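Trainee: Let me give you the structure first, and then I'll get to my questions.
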Amino acid sequence: MSKQPRKFFKDYGALKMVECWGVDVPDGKVTSFPMAVKKKDDETVVFSWVVWPSKKIHDEGMKKVMADPRSQRDINPMPFDGTRLIFGGFEVLVEA
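Next comes the structure, spelled out in structure tokens:
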């Protein structure tokens with residue numbers, strides 16, 4: 041599941057896609073990744089991001105990604121509860 045979207049994100053202009061499996065993601069007292077996604081005891085958190093060369097290419101590329109048959113749920117169902125995904129866009133402040 042992790043390797044398939046990498047190809048079509050790149051097909052539509054993404055520079056890189058990173059997907060990480062949580063191995064040390066503790067519950068918080070006020071907030072945390074597990075709390076944010078309502079993680080169940082038999083689950084872990086997966087953290088992913090896609091790097092795009094610009095906001096314009098992101099916006100155009102995401103429209104194409106969402107229309108691509110490879111991302112359609114009836115053709116390629118997600119093996120997780122997609123209602124608990126958290127989406128957002130960020131501008132790079134520092135990269136080392």
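Counting from 1 along the sequence shown, just add 40 to a position and that's the residue number in the working numbering. Yeah, the Cβ is synthetic: ideal placement off N, Cα and C, and Gly gets one too. Since this is a predicted model, take the numbers as computed values, not measurements.
1. Going by DSSP in three states, F49 sits in which element: helix, strand or coil?
2. Using 8 angstroms as the threshold, is the stretch 97 to 111 in touch with the stretch 45 to 53, meaning 3 or more CB pairs across them?
3. Roughly how many angstroms lie between the CA atoms of F127 and D81, to the nearest whole one?
4. Jot down the residue ranges of each uninterrupted beta strand (DSSP E) in the stretch 66 to 108, minimum 3 residues, whole runs only, in chain order.
5. Find the nearest neighbour of Y52 within the set K95, D64, K69 and P66, judged by alpha-carbon distance.
6. With respect to 7 angstroms, is the separation between the Cβ of C60 and the closest non-hydrogen atom of the ligand ZN below this value?
7. Out of P93, D99, V65 and T71, which one is the CA nearest neighbour of V85?
Mentor: In short, the structure shows the following:
1. Three-state result, F49: helix.
2. Output reads yes: the stretch 45 to 53 touches the stretch 97 to 111.
3. It is roughly 23 angstroms from the alpha-carbon of F127 to the alpha-carbon of D81.
4. List check, beta strand (DSSP E) in window: 86 to 91.
5. Comparing Cα-Cα distances from Y52 to each of K95, D64, K69 and P66, the minimum goes to K95.
6. Here there are no bound small molecules, and the ligand ZN is not part of this structure.
7. Measuring from the Cα of V85, the nearest candidate turns out to be V65.
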